[in-house]
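Below is one structure, written out as C-alpha cells, with a few remarks after it.
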Amino acid sequence: MTTESQERQELRAAVNKFAAGYGPKYMEKCYQDGEYPWELWREAGKLGFLGVNIPEEFGGGGAGMYELSLVAEELNAQGSGLLLMVVSPAICGNIINRFGTPEQRQQWLPGLGDGSKILVFGITEPDAGSNSHRITTTAKRDGSDWLLTGRKVFISGVDVADAVLIVARTEDAKTGNLKPALFIVPRDTPGFEYQPIDMAVRLPERQFSLFFDDMRLPAEALVGDPDGGIMQLFAGLNPERIMAAAGGVGSARYALDRAVDYAKTRTVFKAPIGAHQAISHPLAQIKIETELAKLMMQKAAVLYDGGDDFGAAEAANMAKYAAAEASVRAIDQAVQTLGGNGLTVEYDLGTQLANARIMRIAPVSREMILNYVATTSLGLPKSY
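Mapping to the UniProt record's numbering: the sequence shown position 63 is 63, numbers consecutive.
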C-alpha cells in the first residue's frame with residue numbers, strides 16, 4: 001500500500017531498476033580505481049533522474065524535492081548512491097533556480113539537470129565547524145569585481161566539478177556587520193587552490209580543502225541579491241537535509257533487505273535464524289524506524305516544494321536525524337545478522353559500516369539537530 005501517485009510510483013520503480021544494474025561492487029571498483037562513477041552519473045542524467053527538480057524550461061522534469069529525494073532513496077536502496085546529487089541538483093540547483101540571475105539560470109540549470117555540469121557547495125571551514133556564523137571567508141569590493149579570501153574544508157567532489165558555490169561574507173554598507181553571500185567560482189579561476197583530504201571511508205567522491213587569497217571574481221559571480229544571503233542558504237540547506245535523509249532511508253533499506261534475505265534462508269538449530277526473536281525483533285524495529293524516517297522526509301519535501309521554508313527546516317532536520325539513526329542501526333544489525341559473512345566482500349555490507357557513520361556527522365551533526373529542535377521546536381533557551 002502506498003500514498004504516492006501513480007507517476008511517482010513509476011519513477012520509483014524505474015530508478016530502482018536502473019540502480020540495480022550498478023550496485024555496491026560497481027561503486028567499490030570506482031573507489032579502488034580512483035575514478036568517479038561517471039557511467040552511473042551520466043546515464044542517470046540522460047534518463048532525466050538527476051534533473052527531476054529542474055524547471056522544464058531548462059530541460060528538467062519540472063517536479064520538486066519530493067521527486068529528487070525519491071531518486072536518491074532508490075539509488076541508495078540498491079547500493080548506488082550518488083553523493084553529488086545532494087550538492088549539485090539539490091543544493092546548488094535550488095539556490096540558482098530561486099535566486100540566480102536569468103543569465104545564471106540559463107548557464108547552469110540545463111547542465112545540472114542532465115549531469116553535463118557539476119556545481120558543488122563550499123560552506124564548511126576549519127574554525128567554524130557547525131557554527132556557520134563564524135565563517136571567516138570574506139568578499140570585498142574592488143571596483144566592479146570581488147576579492148575573495150578564505151579557506152574551506154570537507155568540500156565534496158571538487159576534482160570533478162565545473163565550479164564551486166562558495167558561501168562567504170560581505171560587509172553591510174550601513175552597519176559594517178558581515179552578512180552571508182554566495183559566489184559561483186569556476187574551478188579554473190586564478191588563485192583557486194584545492195587539495196584532497198585522505199579519508200578512511202570508501203566512497204568514490206573525494207573530499208577537499210580549498211584555499212584562496214584575494215581571488216578576483218567578476219561582478220556576475222555573485223548569486224542573486226547581495227542582501228539575500230540568508231534566504232539563499234535556507235533554499236540550499238533544506239534540500240541538503242532532505243537529500244541526506246533520502247540517502248539514509250535508502251541505505252537502511254539496502255541493509256535491511258540483505259539481512260532479511262539472509263535470515264530467511266540461513267538455518268541453525270533446525271530453523272531459519274529469522275524465526276528467532278533475537279534476530280527478528282531488531283530487524284522489525286529497524287523497519288519501523290526506517291518507515292517513520294521516510295514519512296518525515298516526505299513531509300519535509302512537500303513543505304519545501306510548497307514554499308514553506310521555515311516548516312521545511314524543522315521537518316528536514318528531524319528527517320535527517322531519524323534517517324541517520326535508522327541507517328546506522330540497520331547496517332550494524334545487518335552485519336550482526338550475517339555474522340562473519342557480514343564482513344566479507346561477497347555480501348557487500350562491511351564497507352557500508354564506516355560510510356553509514358558519516359550520516360550522524362554530515363551534513364549536520366545529530367547534536368546540532370537536537371539543539372535546533374530544542375530551541376526552535378520546543379522554545380528552550382540556547383546554551384551557545
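Quick reminder that beta carbons are idealized off the backbone N, C-alpha and C, glycines included.
Where do the N-terminal and C-terminal ends of the beta strand (DSSP E) with residue i fall, by residue?
{"i": "Met215", "result": "207–217"}
{"i": "Ala142", "result": "Here the sequence assigns Asp to residue 142, which means Ala is not the residue at that position. Here the beta strand (DSSP E) through Asp142 covers 138–142."}
{"i": "Pro196", "result": "193–197"}
{"i": "Gly122", "result": "119–122"}
{"i": "Ile155", "result": "145–156"}
As a quick exercise: from the options, pick the residue whose alpha carbon is nearest that of residue i.
{"i": "Leu165", "options": "Lys382, Gly248, Lys152, Phe183", "result": "Phe183"}
{"i": "Tyr53", "options": "Leu47, Gly62, Gly45", "result": "Correcting the residue identity first, residue 53 is Asn in this sequence and not Tyr. Selected option, being the one with the closest Cα: Gly62."}
{"i": "Gly59", "options": "Pro89, Gly311, Asp227", "result": "Pro89"}
{"i": "Thr137", "options": "Asp145, Ala263, Met215", "result": "Met215"}
{"i": "Glu171", "options": "Lys152, Ile135, Gly191, Ala322", "result": "Ile135"}
{"i": "Ala354", "options": "Ile273, Leu147, His276, Met199", "result": "Met199"}
{"i": "Arg258", "options": "Leu349, Leu292, Thr267, Pro180", "result": "Leu349"}
{"i": "Arg357", "options": "Met318, Gly247, Thr337, Pro282", "result": "Gly247"}
{"i": "Asp145", "options": "Leu82, Ser116, Ala77, Glu220", "result": "Glu220"}
{"i": "Asp227", "options": "Phe212, Arg266, Ala168, Gln195", "result": "Ala168"}
{"i": "Leu210", "options": "Lys117, Asp188, Met85, Met296", "result": "Asp188"}
{"i": "Gly191", "options": "Tyr31, Gly150, Arg266", "result": "Gly150"}
{"i": "Gln78", "options": "Ala374, Arg206, Gly157, Tyr22", "result": "Tyr22"}
{"i": "Ala312", "options": "Pro110, Lys270, Val373", "result": "Val373"}
{"i": "Ile213", "options": "Ile197, Gly340, Val223, Glu193", "result": "A quick correction: the sequence has Asp, not Ile, at residue 213. Considering only alpha carbons, the answer is Glu193."}
{"i": "Leu75", "options": "Glu4, Ser156, Leu148, Gly250", "result": "Gly250"}
{"i": "Ile362", "options": "Thr344, Tyr321, Phe310, Lys140", "result": "Reading off the sequence shown, one finds Ala at residue 362, where the question assumed Ile. Residue Tyr321 is the option with its Cα nearest to Ala362."}
{"i": "Ala181", "options": "Val223, Ser116, Thr265, Glu4", "result": "Val223"}
{"i": "Lys25", "options": "Val345, Leu50, His281, Lys152", "result": "Val345"}
{"i": "Gln9", "options": "Asp159, Gly157, Ile288, Val71", "result": "Val71"}
{"i": "Lys140", "options": "Asp159, Lys179, Gln106", "result": "Lys179"}
{"i": "Pro218", "options": "Arg206, Pro282, Leu148", "result": "Leu148"}
{"i": "His281", "options": "Gln333, Pro37, Tyr31", "result": "Gln333"}
{"i": "Tyr254", "options": "Gln6, Glu4, Ala20", "result": "Ala20"}
{"i": "Ala293", "options": "Leu283, Ala245, Glu314, Arg266", "result": "Ala245"}
{"i": "Asn16", "options": "Thr3, Ala275, Gln32, Leu40", "result": "Leu40"}
{"i": "Ile230", "options": "Ser383, Cys30, Met318, Phe310", "result": "Phe310"}
{"i": "Leu295", "options": "Gln104, Ala316, Gln285", "result": "Ala316"}
{"i": "residue 423", "options": "Gln32, Leu50, Arg105, Ala128", "result": "Within the shown structure, residues of the chain are numbered from 1 to 384, placing residue 423 beyond reach of any answer."}
Residue i lies in the alpha helix (DSSP H); which residues open and close that run?
{"i": "Leu75", "result": "65–77"}
{"i": "residue 422", "result": "Outside the shown range of the chain, which is 1 to 384, sits residue 422, and nothing can be said about it."}
{"i": "Gly100", "result": "Segment: none, Gly100 is in no alpha helix (DSSP H) and carries neither H nor E."}
{"i": "Glu220", "result": "Unbroken run through Glu220: none, as it is neither H nor E."}
{"i": "Asp33", "result": "23–33"}
{"i": "Arg12", "result": "6–20"}
{"i": "Arg169", "result": "Careful: Arg169 lies outside any alpha helix (DSSP H), inside the beta strand (DSSP E) at 163–171."}
{"i": "Leu378", "result": "Run containing Leu378: none; DSSP gives neither H nor E here."}
{"i": "Tyr372", "result": "366–372"}
{"i": "Asn355", "result": "352–357"}
{"i": "Glu56", "result": "Neither: Glu56 is in no alpha helix (DSSP H) and is coded neither H nor E."}
{"i": "Lys46", "result": "38–46"}
Taking 6 angstroms as the limit between beta carbons, can you name the residues of its chain near residue i, skipping five residues before and five after?
{"i": "Ala301", "result": "Met65, Tyr66, Ser69, Ile242"}
{"i": "Gly342", "result": "Val335, Leu349"}
{"i": "Ala252", "result": "Thr290, Ala326, Ser327, Ala330"}
{"i": "Glu35", "result": "none"}
Looking only at its own chain, which residues have a Cβ that is under 7 angstroms from the Cβ of residue i, when we skip the five neighbours before and after it?
{"i": "Thr351", "result": "Glu28, Arg202"}
{"i": "Leu119", "result": "Ser88, Cys92, Trp108, Leu112, Ala161, Asp162, Ala163, Leu165"}
{"i": "Ile279", "result": "Ala263, Ile273, Thr337"}
{"i": "Ser132", "result": "Ile123"}
{"i": "Lys287", "result": "Leu256"}
{"i": "Ser156", "result": "Leu83, Leu84, Val87, Val120, Glu205, Gln207"}
{"i": "Glu240", "result": "Val86, Ala90, Ile91, Pro363"}
{"i": "Pro126", "result": "Arg151, Val153"}
{"i": "Arg42", "result": "Gly115"}
{"i": "Gly306", "result": "none"}
Within its chain, find whatever has a CB closer than 8 angstroms to the CB of residue i; leave out the 5 residues flanking it on each side and keep chain order.
{"i": "Leu47", "result": "Ala14, Phe18"}
{"i": "Arg366", "result": "Tyr321, Ala324, Glu325, Arg360"}
With hydrogens ignored, establish whether the beta-carbon of residue i is closer than 8 angstroms to any heavy atom of the ligand FAD.
{"i": "Val15", "result": "As far as ligands go, the structure on display features none, and thus does not contain the ligand FAD."}
### Message
Using a Cβ distance threshold of 8 angstroms, determine whether the stretch 228–238 contacts the stretch 92–109, with at least three qualifying pairs required.
### Response
Yes, since at least three Cβ pairs between the stretch 228–238 and the stretch 92–109 fall closer than 8 angstroms, the two stretches touch.
### Query
At what residue ranges does the stretch 294–349 contain a whole run of the alpha helix (DSSP H), taking only runs of 4 or more?
Taken in chain order, the complete alpha helix (DSSP H) segments of 4 residues or longer contained in the stretch 294–349 are 309–338.
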